[in-house]
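The numbering used here puts the first residue of the sequence shown at 6, with every later residue one more than the last.
First comes the structure, then the notes that go with it.
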Amino acid sequence: MRVNKKYSCLPAEEKGIHIINIRAIEDIGYDQHESTLLNSLSKNPDADCKYGLYFRDGKRKVDYILVYHYKKSSAGRTLTRRVHHNDSSARSTKQDQPLPGKGVQLEMGGSEPHVDYHEDDKRFRREEYEGNLVEAGLELERDEDTKIHGVGFVKIHAPWNVLCREAEFLKLKMPTKKMYQINQTHGLLKKINSVIQKITEPIQPKVAEHKPQTVKRLSYPFSREKQHLFDLSDRDSFFDSKTRSTIVYEILKRTTCTKAKYSMGITSLLANGVYSAAYPLHDGDYEGENVEPNDRKLLCEEWASYGVFYKYQPIDLVRKYFGEKIGLYFAWLGVYTQMLIPASIVGIIVFLYGCATVDENIPSMEMCDQRNNITMCPLCDRTCSYWKMSSACATARASHLFDNPATVFFSVFMALWAATFMEHWKRKQMRLNYRWDLTGFEEEEEAVKDHPRAEYEAKVLEKSLRKEHKHKEKHRYFPEETANKWRQRVKTVMAGVKLTDKEKLTWKDRFPAYLTNFVGIIFMVGLTFAIVFGVIIYRISTAAALAISSTPSGRSSVRVTVTATAVIINLVVIIILDEVYGCIARWLTQIEVPKTDKNFEERLIFKAFLLKFVNAYTPIFYVAFFKGRFVGRPGDYVYIFHSFRMEECAPGGCLMELCIQLSIIMLGKQLIQNNLFEIGIPKMKKFIRYMKLKRRRSLDHEEHMKKKQRYEVDYNLEPFAGLTPEYMEMIIQFGFVTLFVASFPLAPLFALLNNIIEIRLDAKKFVTELRRPVAVRAKDIGIWYNILRGIGKLAVIINAFVISFTSDFIPRLVYLYMYSENGTMHGFVNHTLSSFNVSDFQAGTAPNDPMDLGYEVQICRYKDYREPPWSENKYDISKDFWAVLAARLAFVIVFQNLVMFMSDFVDWIIPDIPKDISQQIHKEKVLMVEVFMREEQGKLQMLETWKDKDKKKGENCNNHSPRLSRSHSGSLSSCHSYPLDV
Numbered sequence: 006m007r008v009n010k011k012y013s014c015l016p017a018e019e020k021g022i023h024i025i026n027i028r029a030i031e032d033i034g035y036d037q038h039e040s041t042l043l044n045s046l047s048k049n050p051d052a053d054c055k056y057g058l059y060f061r062d063g064k065r066k067v068d069y070i071l072v073y074h075y076k077k078s079s080a081g082r083t084l085t086r087r088v089h090h091n092d093s094s095a096r097s098t099k100q101d102q103p104l105p106g107k108g109v110q111l112e113m114g115g116s117e118p119h120v121d122y123h124e125d126d127k128r129f130r131r132e133e134y135e136g137n138l139v140e141a142g143l144e145l146e147r148d149e150d151t152k153i154h155g156v157g158f159v160k161i162h163a164p165w166n167v168l169c170r171e172a173e174f175l176k177l178k179m180p181t182k183k184m185y186q187i188n189q190t191h192g193l194l195k196k197i198n199s200v201i202q203k204i205t206e207p208i209q210p211k212v213a214e215h216k217p218q219t220v221k222r223l224s225y226p227f228s229r230e231k232q233h234l235f236d237l238s239d240r241d242s243f244f245d246s247k248t249r250s251t252i253v254y255e256i257l258k259r260t261t262c263t264k265a266k267y268s269m270g271i272t273s274l275l276a277n278g279v280y281s282a283a284y285p286l287h288d289g290d291y292e293g294e295n296v297e298p299n300d301r302k303l304l305c306e307e308w309a310s311y312g313v314f315y316k317y318q319p320i321d322l323v324r325k326y327f328g329e330k331i332g333l334y335f336a337w338l339g340v341y342t343q344m345l346i347p348a349s350i351v352g353i354i355v356f357l358y359g360c361a362t363v364d365e366n367i368p369s370m371e372m373c374d375q376r377n378n379i380t381m382c383p384l385c386d387r388t389c390s391y392w393k394m395s396s397a398c399a400t401a402r403a404s405h406l407f408d409n410p411a412t413v414f415f416s417v418f419m420a421l422w423a424a425t426f427m428e429h430w431k432r433k434q435m436r437l438n439y440r441w442d443l444t445g446f447e448e449e450e451e452a453v454k455d456h457p458r459a460e461y462e463a464k465v466l467e468k469s470l471r472k473e474h475k476h477k478e479k480h481r482y483f484p485e486e487t488a489n490k491w492r493q494r495v496k497t498v499m500a501g502v503k504l505t506d507k508e509k510l511t512w513k514d515r516f517p518a519y520l521t522n523f524v525g526i527i528f529m530v531g532l533t534f535a536i537v538f539g540v541i542i543y544r545i546s547t548a549a550a551l552a553i554s555s556t557p558s559g560r561s562s563v564r565v566t567v568t569a570t571a572v573i574i575n576l577v578v579i580i581i582l583d584e585v586y587g588c589i590a591r592w593l594t595q596i597e598v599p600k601t602d603k604n605f606e607e608r609l610i611f612k613a614f615l616l617k618f619v620n621a622y623t624p625i626f627y628v629a630f631f632k633g634r635f636v637g638r639p640g641d642y643v644y645i646f647h648s649f650r651m652e653e654c655a656p657g658g659c660l661m662e663l664c665i666q667l668s669i670i671m672l673g674k675q676l677i678q679n680n681l682f683e684i685g686i687p688k689m690k691k692f693i694r695y696m697k698l699k700r701r702r703s704l705d706h707e708e709h710m711k712k713k714q715r716y717e718v719d720y721n722l723e724p725f726a727g728l729t730p731e732y733m734e735m736i737i738q739f740g741f742v743t744l745f746v747a748s749f750p751l752a753p754l755f756a757l758l759n760n761i762i763e764i765r766l767d768a769k770k771f772v773t774e775l776r777r778p779v780a781v782r783a784k785d786i787g788i789w790y791n792i793l794r795g796i797g798k799l800a801v802i803i804n805a806f807v808i809s810f811t812s813d814f815i816p817r818l819v820y821l822y823m824y825s826e827n828g829t830m831h832g833f834v835n836h837t838l839s840s841f842n843v844s845d846f847q848a849g850t851a852p853n854d855p856m857d858l859g860y861e862v863q864i865c866r867y868k869d870y871r872e873p874p875w876s877e878n879k880y881d882i883s884k885d886f887w888a889v890l891a892a893r894l895a896f897v898i899v900f901q902n903l904v905m906f907m908s909d910f911v912d913w914i915i916p917d918i919p920k921d922i923s924q925q926i927h928k929e930k931v932l933m934v935e936v937f938m939r940e941e942q943g944k945l946q947m948l949e950t951w952k953d954k955d956k957k958k959g960e961n962c963n964n965h966s967p968r969l970s971r972s973h974s975g976s977l978s979s980c981h982s983y984p985l986d987v
């Protein structure tokens with residue numbers, strides 16, 4: 006490293022010292038006595054700072070990292086700069102004076118580098134912003150001597166006084182010295198709990214935070230005036246890394262930079278490319294031989310490993326490391342997965358019941374009996390011929406596995422299961438709120454942190470400037486000189502910034518965005534319907550094409566082949582549109598310009614859920630409620646485009662096809678989209694970043710072999726994109742589990758198997774693949790809870806219609822109790838089939854080969870309730886149809902109201918807050934009152950003591966003689982002195 010010799014190395018402990026670039030001293034005019042060089046001869050300085058976890062002094066912890074790109078001069082190499090802005094000296098630095106050592110290059114031969122005004126503009130913005138951060142009390146240190154060339158890092162440390170100030174401002178609850186005993190169970194419950202603990206001990210994670218606690222510290226919002234209440238014996242660990250990074254992030258958000266385009270904190274600077282990234286650091290490495298113990302390593306071993314899939318999650322440690330919002334997501338995912346266990350067991354029992362009774366099912370036995378000699382009408386015009394009902398034997402037997410009386414019971418069970426799950430989660434959430442000291446936390450407290458988004462500020466500023474321009478146009482126009490354009494622009498921007506406090510966006514400003522949102526969502530929904538319609542055309546045309554096959558085996562497998570291929574097409578389209586709709590939902594939300602991040606997130610969730618819900622479930626809704634409903638009858642079929650005949654359900658009903666559709670889409674989405682994409686895409690992005698960095702690397706072997714700093718390693722990780730994708734995939738899965746569970750009882754089992762992998766996959770992604778997210782306080786899962794409740798209510802209605810209209814459950818009941826001669830199901834299949842005289846076919850629609858079965862067909866059968874051809878009103882709807890329809894509607898009404906009532910009863914009978922938690926919360930309030938009462942009593946006693954002393958001093962002074970008092974005026978004056986700190 007080349008250094009000017011005229012500057013000597015001064016001790017780093019000297020006050021007001023900056024470690025800066027030598028060239029910067031000459032360029033910006035800093036005094037020589039205010040600067041010093043970093044001692045590069047020290048022994049392994051990277052080890053002293055724990056490879057980037059601390060500042061170069063090895064004492065101050067790095068709480069946050071800002072990353073920026075800079076361009077190096079082609080004439081020479083940028084000098085190493087590790088700049089520390091000390092608090093005391095930086096406060097005396099004027100804001101308009103650039104901070105030392107920023108973006109200045111050491112030139113060779115005195116040649117001036119090529120001027121890049123865009124880069125200089127970014128550098129000026131960084132200078133002002135970092136100067137404002139220093140004025141806010143933060144301490145900064147710069148590092149451009151990294152293995153990632155062209156990338157600089159600004160390390161940020163929050164000193165103790167800043168942490169205390171911000172903790173008080175954010176009303177962070179911190180543990181006090183006061184400890185109290187947690188109420189323990191007694192008697193039989195205590196014995197049961199001890200037995201459960203012993204049984205579940207092997208599946209408990211080996212972390213200190215997960216062990217049951219008998220005592221708890223009383224928590225109270227931090228206050229600098231009441232620091233004596235808190236345990237400050239170890240100031241370094243009083244604020245953990247999660248809290249420190251949260252505090253720094255809040256300062257970054259509210260610190261403004263007027264040189265930035267729209268002047269609104271770190272968000273606008275990131276959006277404008279002034280900084281390329283901002284993130285807190287991970288606690289250290291998670292793998293390696295000589296890795297020091299840290300929370301990240303512990304999480305990797307006890308949580309983010311597939312080998313511990315059978316263990317409980319260390320939720321408290323997850324919350325300690327990632328914050329409450331992420332902790333609540335994984336706690337919710339764990340509760341959901343646990344609740345899937347009983348649902349899976351009952352679903353397996355229902356499926357096994359269907360397997361056990363398939364040979365006893367009379368309707369399927371009648372369909373498989375070749376002696377019945379039931380000839381069915383053709384499935385398509387001309388190319389399809391007549392066929393035997395016994396050829397659909399396999400489909401009929403398979404339908405019974407999912408269409409049996411146990412399915413109705415399972416639908417009722419799953420509706421109650423959904424209600425119980427929601428109540429169980431609310432109780433679990435309250436326990437977590439108590440353990441994590443969020444019982445007094447309200448959303449209003451978050452309002453102090455809910456800063457307007459940079460895009461909102463930009464829109465308001467644009468509106469303000471437009472108004473100001475119109476106002477000036479009304480008076481007169483002053484031509485701008487070219488030399489003063491930049492100055493006038495800065496003045497205008499500054500005036501606009503002041504106007505943003507008065508202006509706000511109204512519905513008129515947002516009307517074009519609202520209109521675009523409405524039209525865009527309608528178009529996307531219409532696109533989904535059009536794709537489903539296209540798949541229907543594919544099914545119809547493919548079925549007709551396959552029916553031409555001369556082989557009997559080919560004709561018998563037409564229905565299965567068409568169904569399987571159509572579902573695979575649907576799956577591919579759903580996966581593609583899911584990604585497209587996610588991007589479109591984000592764009593539609595951005596043009597709305599929501600004011601806060603919370604509003605942005607809620608609107609994005611609503612749009613994304615709406616589009617993805619329609620995308621995922623539209624093909625399933627078609628099979629469940631529309632397929633086979635508008636077919637017509639032989640001789641009077643319904644056609645699409647006058648050429649394609651609407652497809653029919655199989656003789657056993659559409660439930661089996663619904664089951665195939667649901668299972669393939671559900672399993673395909675889980676396997677491809679949720680797991681393969683989550684593993685493959687991050688790995689691919691990481692590999693691409695690695696290859697890019699490898700190309701940029703210098704050929705310097707010594708630098709190549711140098712161990713990376715912590716912030717360099719974290720920079721190569723994937724940025725955290727929020728929890729919306731994680732919640733979304735689980736909500737869609739919850740819909741698969743509840744909405745159509747009557748057609749697929751094994752859905753909870755497959756969801757359980759997926760979630761066991763999903764928990765560890767997400768954990769591994771958060772611990773090893775992603776940059777550490779900023780911890781966010783939250784007391785619930787937000788809008789997702791309302792979506793879950795809505796899906797639970799909708800599931801009751803949909804399952805009622807599936808059982809009533811898609812399955813044959815109601816027609817069987819009607820036949821059993823109204824038409825059966827011997828009280829059995831014998832004759833049910835014949836009862837559901839109507840007759841058609843083949844002479845009544847429309848011209849050109851009769852089969853080309855009427856003798857395909859080896860005999861002449863005069864009457865064929867089709868599934869419907871219609872009058873026979875020998876009736877006076879032939880082919881009209883029969884009274885049996887109306888009887889079955891009335892029974893179906895009655896079942897929907899009874900089932901829906903009964904299950905809704907039972908769900909609401911479960912909701913009412915289970916209290917939202919567990920009794921022991923409500924008692925502990927009340928106990929905390931009482932103890933806190935006692936603490937403050939004792940403090941007030943202590944103050945009163947101290948005041949009384951001081952008053953007594955003052956009274957005694959006054960009496961002693963009155964007993965002195967006047968002459969003595971004049972000679973001892975000093976002692977007299979001391980008689981009237983009072984304590985200053987009362």
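Glycine is no exception: its CB is placed at the ideal position from the N, C-alpha and C atoms.
Quick test of your reading: residue i and residue j, contact by CB under 8 Å. State the CB separation rounded to the nearest angstrom.
i      : j      : result
Tyr73  : Lys66  : That belief does not hold up - the Cβ atoms of Tyr73 and Lys66 are roughly 22 Å apart, past 8 Å.
Glu872 : Tyr880 : 6 Å
Between the options, which lies nearest to residue i when the distance is taken from Cα to Cα?
i      : options                           : result
Thr570 : Phe635, Glu662 and Thr623         : Glu662
Thr380 : Lys247, Arg515 and Tyr391         : Tyr391
Met733 : Asn827, Ile762, Asn409 and Trp789 : Trp789
Ser995 : Gly797, Met184, Gly352 and Ser404 : Any question about residue 995 goes unanswered here, given that the chain covers just 6 to 987.
Phe227 : Leu193, Lys216, Thr261 and Met179 : Met179
Ile683 : Val351, Ser395, Glu723 and Met427 : Reading off the sequence, residue 683 comes out as Glu, not Ile. Of the candidates Val351, Ser395, Glu723 and Met427, the one whose C-alpha sits nearest the C-alpha of Glu683 is Glu723.
Ala747 : Ile197, Glu307, Asn409 and Met938 : Asn409
Ala399 : Glu371, Asp602, Phe937 and Val897 : Glu371
Arg794 : Trp422, Val530 and Trp441         : Trp422
Arg759 : Lys258, Ser349 and Tyr75          : Note that residue 759 is Asn in the sequence shown, not Arg. Out of Lys258, Ser349 and Tyr75, Ser349 has the C-alpha closest to the C-alpha of Asn759.
What residue range is occupied by the uninterrupted beta strand (DSSP E) comprising residue i?
i      : result
Gln186 : Lys178 to Gln186
Pro226 : Val220 to Pro226
Trp359 : Per the sequence shown, the amino acid found at residue 359 is Gly instead of Trp. Note, Gly359: premise wrong, no beta strand (DSSP E); alpha helix (DSSP H) at Glu329 to Thr362.
Phe158 : Val156 to His162
Ser273 : Run containing Ser273: none in the beta strand (DSSP E); it sits in the alpha helix (DSSP H), Gly270 to Ala276.
Arg147 : Glu144 to Asp148
Identify, in the order they occur along the chain, each residue of the same chain with its Cβ nearer than 7 Å to the Cβ of residue i, setting aside the five sequence neighbours on each side.
i      : result
Arg240 : Trp165
Phe356 : Leu406, Pro750 and Leu751
Phe635 : Val643 and Met651
For residue i, collect the residues of the same chain with a Cβ closer than 8 Å to its Cβ; drop the 5 residues on either side in sequence, then sort them by chain order.
i      : result
Pro874 : Ser840, Phe841, Asn842, Asp845, Ile864 and Tyr880
Ile764 : Phe314, Gln318, Phe335, Leu338, Gly339 and Thr342
Ile542 : Ile645 and Phe649
I'd like the list of long-range same chain contacts for residue i, defined as Cβ closer than 6 Å, with 5 residues on each side in sequence excluded.
i      : result
Lys316 : Ile208 and Pro210
Leu744 : Ala800 and Ile803
Lys600 : Pro457 and Tyr461
Check for me: the alpha helix (DSSP H) holding residue i runs from which residue to which?
i      : result
Val819 : Phe814 to Val819
Gly797 : Ile788 to Phe806
Ile736 : Thr729 to Thr743
Phe900 : Lys884 to Ile914
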